[in-house]
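Protein chains in written order, with the working numbering: chain E, 326 to 699; chain X, 326 to 699.
Number of protein chains: 2
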Amino acid sequence: MNFKISKNVLYNSLQLVSKAISNNSPLPALSGIKIDVEKNSITLTGSDAEISIKKVLTNEEIENLNLIIIEEGSIVIESRYLLEIVRKIDSSEINFEIVDGSLIKITGKSVEYKINGIRSSEYPLIDFNKPNTTFKINSLILQKVINQTTFATSDKEIRQVLTGVNFNLKDKNLECVATDSFRLAKKTIKVDSDLNFNITIPSKSLNELSKAIEKDEDIEISINNKLAQFYINNTLIQTRLIEGAYPETNRLIPTVFKTEITLDSREMVSAIDRAIFIKNEGVSIIKLSINKENMIISSKSQEVGSLQEIIVPENIKGDNIDISFSGNYVLDAIRYLNANKIKINFSGEMKPFIIENLDDSSILQLVLPVRTYN
Amino acid sequence: MNFKISKNVLYNSLQLVSKAISNNSPLPALSGIKIDVEKNSITLTGSDAEISIKKVLTNEEIENLNLIIIEEGSIVIESRYLLEIVRKIDSSEINFEIVDGSLIKITGKSVEYKINGIRSSEYPLIDFNKPNTTFKINSLILQKVINQTTFATSDKEIRQVLTGVNFNLKDKNLECVATDSFRLAKKTIKVDSDLNFNITIPSKSLNELSKAIEKDEDIEISINNKLAQFYINNTLIQTRLIEGAYPETNRLIPTVFKTEITLDSREMVSAIDRAIFIKNEGVSIIKLSINKENMIISSKSQEVGSLQEIIVPENIKGDNIDISFSGNYVLDAIRYLNANKIKINFSGEMKPFIIENLDDSSILQLVLPVRTYN
Numbered sequence: 326m327n328f329k330i331s332k333n334v335l336y337n338s339l340q341l342v343s344k345a346i347s348n349n350s351p352l353p354a355l356s357g358i359k360i361d362v363e364k365n366s367i368t369l370t371g372s373d374a375e376i377s378i379k380k381v382l383t384n385e386e387i388e389n390l391n392l393i394i395i396e397e398g399s400i401v402i403e404s405r406y407l408l409e410i411v412r413k414i415d416s417s418e419i420n421f422e423i424v425d426g427s428l429i430k431i432t433g434k435s436v437e438y439k440i441n442g443i444r445s446s447e448y449p450l451i452d453f454n455k456p457n458t459t460f461k462i463n464s465l466i467l468q469k470v471i472n473q474t475t476f477a478t479s480d481k482e483i484r485q486v487l488t489g490v491n492f493n494l495k496d497k498n499l500e501c502v503a504t505d506s507f508r509l510a511k512k513t514i515k516v517d518s519d520l521n522f523n524i525t526i527p528s529k530s531l532n533e534l535s536k537a538i539e540k541d542e543d544i545e546i547s548i549n550n551k552l553a554q555f556y557i558n559n560t561l562i563q564t565r566l567i568e569g570a571y572p573e574t575n576r577l578i579p580t581v582f583k584t585e586i587t588l589d590s591r592e593m594v595s596a597i598d599r600a601i602f603i604k605n606e607g608v609s610i611i612k613l614s615i616n617k618e619n620m621i622i623s624s625k626s627q628e629v630g631s632l633q634e635i636i637v638p639e640n641i642k643g644d645n646i647d648i649s650f651s652g653n654y655v656l657d658a659i660r661y662l663n664a665n666k667i668k669i670n671f672s673g674e675m676k677p678f679i680i681e682n683l684d685d686s687s688i689l690q691l692v693l694p695v696r697t698y699n
Numbered sequence: 326m327n328f329k330i331s332k333n334v335l336y337n338s339l340q341l342v343s344k345a346i347s348n349n350s351p352l353p354a355l356s357g358i359k360i361d362v363e364k365n366s367i368t369l370t371g372s373d374a375e376i377s378i379k380k381v382l383t384n385e386e387i388e389n390l391n392l393i394i395i396e397e398g399s400i401v402i403e404s405r406y407l408l409e410i411v412r413k414i415d416s417s418e419i420n421f422e423i424v425d426g427s428l429i430k431i432t433g434k435s436v437e438y439k440i441n442g443i444r445s446s447e448y449p450l451i452d453f454n455k456p457n458t459t460f461k462i463n464s465l466i467l468q469k470v471i472n473q474t475t476f477a478t479s480d481k482e483i484r485q486v487l488t489g490v491n492f493n494l495k496d497k498n499l500e501c502v503a504t505d506s507f508r509l510a511k512k513t514i515k516v517d518s519d520l521n522f523n524i525t526i527p528s529k530s531l532n533e534l535s536k537a538i539e540k541d542e543d544i545e546i547s548i549n550n551k552l553a554q555f556y557i558n559n560t561l562i563q564t565r566l567i568e569g570a571y572p573e574t575n576r577l578i579p580t581v582f583k584t585e586i587t588l589d590s591r592e593m594v595s596a597i598d599r600a601i602f603i604k605n606e607g608v609s610i611i612k613l614s615i616n617k618e619n620m621i622i623s624s625k626s627q628e629v630g631s632l633q634e635i636i637v638p639e640n641i642k643g644d645n646i647d648i649s650f651s652g653n654y655v656l657d658a659i660r661y662l663n664a665n666k667i668k669i670n671f672s673g674e675m676k677p678f679i680i681e682n683l684d685d686s687s688i689l690q691l692v693l694p695v696r697t698y699n
């Protein structure tokens, strides 16, 4: 293996594929980036077995790549070292050459590294074959789906299916749902495809996918019952799916409401934010008392003290209600709505309530209350 | 106690005095900020017993303070809560009022907190009496002294005196020395005072002092054999001194050299920075091989691999030499020199070497080599 390549293009590509690499991989080779040099192309691969990212570099498809291939071959290099070397090297072109077994020489202008690589035969075989089921989604819409849902997934492995976002396509309607069983985020978008499917994608994979999206374009997505593939330019991001049935969540979402308030999103965020440091056993519980005229936000802790704030919403409809909830959950829910005005719909003191963006009906946030003590 | 005050001025002052507060203070009251309200002034105090910061606020001396004192009094409030409340409150003026024992009411526009304070009788008595020995130093010069020395102090408590910077004033020459016994930083400045003293100030106190310096002015410093006081505007920063004799370091600094090189500071920093990830048991050892024509920087580790880089210094004088050292120590030393061109003076393979800023003779950095293996 022997090739020359542009430092900047290589560095950006290495950064992208390294996103798939986990710091505590059980297999040593997976802490590295695999470099495959063929006749006209270089392929970089990073993986943690759950998510794999593959990027193909050719002079035809990538500007200023300045790729010169002298000899084909393949090697795996520890990703931390490789990124460090390429970032700091003293020239705009870098030369990589295998000099002895898995010892690789990396040369800049005045500097020469000899780094212990890992033979590519020790790298697991990753099947990148394309499944037959394929559809397209606009990149920015997909990014928004990811950003507005993944925060609500569970970070506990007990019910693994809740650590992912569920994508349910039926009649061209794609419902994207995330829940940790205390709160739920649901985004609904139109997809121009006659397919029907119900898959759950790990939250971590979706977040890496979101970071890889750079411009407004259509992304091709291929799926089977084991994995999903996302094709963005010359990059392929492949993730395994989470097995197991995702819970039926639509029946949890109330449709009849007793009390509804409409108010400025920032006003509600600021008020909760002012109360959030008042904690009981590490949790910030906030109480809302809504009457005909206004809404009182309060919070109390034996240790810290108490807070009370009066807010006059733009509109109050329905019965008086007292309801308590986790301040952080409602803060998250409102922040990820990206709303100017929000509407909060209550069904009862111990029933889940819904927070909506008045200007965007595609997204809904649901939070479970906690018992109110006085 | 009952007063109104400008939110912004109060917040900035609280931030300043809170710098003295340690997260794990043995005395609960010391995790708070003490507020003393007198007839025409408010005094804020923060302390961890080693360093204490006191700030006096009066309408006469501080613009836009808008202080209105309704009732005198005194209270201690947990600093985390107080900073959080003042930062986020919904008005530009805040009202503080003791309502019941140590319960304090803090009021903004629509929000009202009732926070459990701590009686000021539980706060330790801090003696802020001014010692008689007093001199002045320009604030920006003092800041530079601090920034160029404290990094070289020891972070180990075994030899406590090395955790501070030693200030030795003799014949109007102030020598400021920091060392952890592997490297040493020495800054020499002129002080217009006939005093002679030799004191050691904790590095942590100096770093907080440096952050409190905002403009070019003369700082009054008062010392006795227990403590030092720094008067900056309406702020008094007081620190205890470290007891015990500081080692005599001047005899450690070589004055006769066998090899001298002069080169661009950034070139040397970049070269070491490229090698620093190559570690043996967590330490980056770098070897310099200097001959008549050039200098070879190299580093090697069984696990990672090796690096070699050729640098041609502007000037090489004296004998050929091979010398090895901790990459991080030399990187620190050069960075804190703030130099364009540096001169490195070697006395021998196992003797300390000196790094100087060619444009600033007031600062000197010394590093001990390690044994060179081939």
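Glycine included, every Cβ here is placed at the ideal spot set by N, Cα and C.
Do you know offhand how far residue i's Cα is from residue j's?
i: X/ILE635; j: X/SER506; result: 30 angstroms
i: X/TYR571; j: X/LEU494; result: 14 angstroms
i: X/ILE548; j: X/GLN554; result: 6 angstroms
i: X/ILE578; j: X/THR474; result: 16 angstroms
i: E/GLU385; j: E/GLU545; result: 21 angstroms
i: X/ALA374; j: E/LEU632; result: 32 angstroms
i: E/LEU534; j: E/ASN558; result: 13 angstroms
i: X/PRO353; j: X/THR564; result: 20 angstroms
i: X/SER701; j: E/GLU409; result: Limits of chain X in this structure are 326 at one end and 699 at the other, which puts residue 701 of chain X out of reach.
i: X/LEU656; j: X/ILE443; result: 46 angstroms
i: X/ILE358; j: X/MET326; result: 15 angstroms
i: E/ASP647; j: E/ILE597; result: 16 angstroms
i: X/LYS329; j: X/LEU335; result: 10 angstroms
i: E/ASN348; j: X/THR560; result: 47 angstroms
If you follow the alpha helix (DSSP H) that residue i is part of, which residue opens it and which one closes it?
i: E/ASP373; result: Counting along the chain, E/ASP373 falls outside any alpha helix (DSSP H), and DSSP gives it neither H nor E.
i: X/GLU386; result: No alpha helix (DSSP H) holds X/GLU386; DSSP gives it neither H nor E.
i: E/ALA537; result: 528-537
i: X/TYR336; result: 332-343
Can you tell me where the beta strand (DSSP E) with residue i in it begins and where it stops?
i: X/SER624; result: 620-626
i: E/GLY489; result: 489-495
i: X/GLN633; result: 630-636
i: X/LYS612; result: 610-615
i: X/LYS642; result: 640-643
i: X/ASN365; result: Counting along the chain, X/ASN365 falls outside any beta strand (DSSP E), and DSSP gives it neither H nor E.
If you reduce the DSSP assignment to three classes, tell me which class residue i lands in.
i: X/GLY442; result: coil
i: E/PHE476; result: helix
i: X/VAL424; result: strand
i: X/SER435; result: coil
i: E/ALA596; result: helix
i: X/ASP589; result: strand
i: X/GLU403; result: strand
i: E/LEU760; result: This structure does not reach residue 760 of chain E, given that chain E is present from 326 up to 699, and the question cannot be answered.
i: E/GLU521; result: It is worth fixing the name first, because residue 521 of chain E is Asn in this sequence and not Glu. The answer is coil: DSSP assigns E/ASN521 none of H, G, I, E or B.
i: E/ASN308; result: Any answer about residue 308 of chain E is impossible in this case: the structure gives chain E only from 326 up to 699.
i: X/ASN391; result: coil
i: E/GLU500; result: strand
i: X/ASP657; result: helix
i: X/GLY569; result: coil
i: X/VAL692; result: strand
- prompt: Mind listing which residues of the stretch 340-365 of chain E have their C-beta closer than 9 angstroms to chain X's C-betas, in chain order?
  reply: none
message: If the cut-off is 8 angstroms on Cβ atoms, which residues from the stretch 626-649 of chain E count as contacting chain X, listed in chain order?
response: GLU628, VAL629, GLY630, SER631, LEU632, GLN633, GLU634, ILE635 and ILE636
query: Using a beta-carbon distance cut-off of less than 9 angstroms, what residues from the stretch 399-410 of chain E approach chain X?
result: GLU403, ARG405, TYR406, GLU409 and ILE410
task: Pull out every residue of the stretch 432-451 of chain X whose Cβ sits closer than 7 angstroms to any Cβ of chain E, in chain order.
output: SER435, VAL436, GLU437, TYR438, LYS439, ILE440 and ASN441
task: For the stretch 583-598 of chain X, enumerate the residues whose C-beta is nearer than 8 angstroms to any C-beta of chain E, in chain order.
output: SER595, ALA596 and ASP598
- prompt: Can you list, in chain order, the residues of the stretch 464-489 of chain X whose Cβ is nearer than 8 angstroms to any Cβ on chain E?
  reply: none
task: Check distances from the C-beta atoms of the stretch 599-628 of chain E to those of chain X and list, in chain order, the residues that come in under 8 angstroms.
output: ARG599, PHE602 and GLU628
field: Given 8 angstroms, three or more beta-carbon pairs between the stretch 368-383 of chain X and the stretch 454-473 of chain X
entry: no
query: Do the stretch 341-356 of chain E and the stretch 392-405 of chain E make contact, defined as three or more Cβ pairs closer than 8 angstroms?
result: yes
message: Within 8 angstroms, do at least three Cβ pairs link the stretch 674-688 of chain E to the stretch 503-518 of chain E?
response: yes
message: For the pair the stretch 677-685 of chain X and the stretch 656-668 of chain X, tell me if three or more CB-CB distances fall below 8 angstroms.
response: yes
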